[in-house]
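Sequential numbering from 7 applies to the sequence shown in the numbering used here.
Every residue gets a Cβ at the ideal spot worked out from N, C-alpha and C, and that includes glycine.
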Amino acid sequence: MRVLIQRVKKASVAIDKAPVSEIGAGLLLFVGISRDDQDKDIDYLARKIVGLRIFPDERGKMNRDVREVRGELLSVSQFTLLADVSRGNRPGFDNAAEPVRAKQAWDRFNLALRAEGVPVRTGVFGAAMEVRLVNDGPVTIWLDSRGTQ
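If you want it as structure tokens, here you go:
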């Protein structure tokens, strides 16, 4: 499982110009589910993301997590994070989970985030979305449940 995290001042998702979800300050999560992901991958990344101390304290040092700053999360499923371009220029997606399994895992991931006490908004699984964000910092972090950050 891979998650690209962006600390944002605000972020939103729209489909065909119609608003779907939006958050204020917090984290925008682009989530890729691999075919080999298990519950332990989901639980690990949910805890890790919520606990990341990437928000500034009163001295400007990244020392607070999303709960401490009362931030929100916007979770967007993105199978292209599993792209393999090792054999040419056209990405292959053999490592991505099949859509039904990926949707179930993504839903479970969002529930695990909520269980950590953070408000979570979502995009729409499988939809062509327009994602807008104002990156804060910029702070962008790549996490992989298999430790290949």
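Cut-off 6 Å between Cβ atoms - residues of its own chain near residue i, not counting five sequence neighbours on either side
i	result
Ser151	Met7, Asp47, Tyr50, Leu51
Val145	Arg13, Ile60
Arg138	Ser18
Leu34	Gln12, Val14, Ala17, Leu80, Leu139
DSSP bridge partner residues for residue i (one or two, in chain order)
i	result
Leu149	Val9
Glu28	Ser18
Gly38	Arg8
Ala102	Ser40
Asn141	Val14
Glu136	Ala20
Own chain, CB closer than 7 Å to residue i, minus 5 neighbours either side, in chain order
i	result
Ala118	Ile48, Asp49, Ala52
Val140	Val14, Lys15, Lys16
Gln84	Phe36, Val37, Gly38
Counted within 10 angstroms of its Cβ, other Cβ atoms place residue i as buried (16 or more) or exposed
i	result
Ser92	exposed
Close-in-space but distant-in-sequence residues of the same chain around residue i (CB under 8 Å, 5 per side omitted)
i	result
Met135	Val19, Ala20, Ile21, Val26, Val82, Gly129
Ala111	Met7, Ile39, Asp43, Ile48, Ala103
Point to revise | Continuous alpha helix (DSSP H) assignments of at least 4 residues falling wholly in the region 40–90 | key: Complete alpha helix (DSSP H) runs here, min 4: 45–57.
Point to revise | Meets three-Cβ-pair contact criterion under 8 Å: the region 72–86 and the region 24–31 | key: The region 72–86 makes contact with the region 24–31, as at least three CB pairs between them are under 8 Å.
Point to revise | Cβ contact (3+ pairs, closer than 8 Å) linking the region 63–75 and the region 128–140 | key: Touching, no.
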